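Taken in order, the sequence shown gives residues 13 to 81; the numbers are from the working numbering.
Here a beta-carbon is modelled for each residue, glycine too, at the ideal position from N, C-alpha and C.
Keep in mind the model is a prediction, meaning the values are calculated, not measured.
Let me begin by presenting the structure, written as structure tokens, before commenting on it.
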Amino acid sequence: MKTLIVQLPDKKLAIAKEFLRDLGAVTISVKAAKPVHRTPNATTLKAIQDAHNGKTKKINDLEAFLKSI
13 MKTLIVQLPD KKLAIAKEFL RDLGAVTISV KAAKPVHRTP NATTLKAIQD AHNGKTKKIN
73 DLEAFLKSI
């Protein structure tokens, strides 16, 4: 299942909801949607911290880098 976020003019909302319902899709309003809190995982947090501390490696050759990982 995929999530699709769409902004519609108020006067087109009813027909769009009917169309999506006919397709078997579930619709929710923004008011009912839960806020999305994007908290980085531990790996991402470490990478951010390393970047802030200057622990980065300059890459001059993309192909060599891709082979190294």
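Simplified DSSP assignment, three categories, for residue i
i   : result
K14 : coil
Q19 : coil
L35 : coil
H49 : coil
K67 : coil
I27 : helix
S41 : coil
Residues near residue i by beta carbon distance below 7 Å, same chain, minus five either side
i   : result
K23 : none
L35 : none
Residue i beta carbon near the ligand MG (any heavy atom closer than 7 Å)
i   : result
D73 : The ligand MG is not part of the structure shown, which contains no ligands of any sort.
8 Å contact criterion, which residue i and residue j should meet: CB distance rounded
i   : j   : result
T39 : K29 : 5 Å
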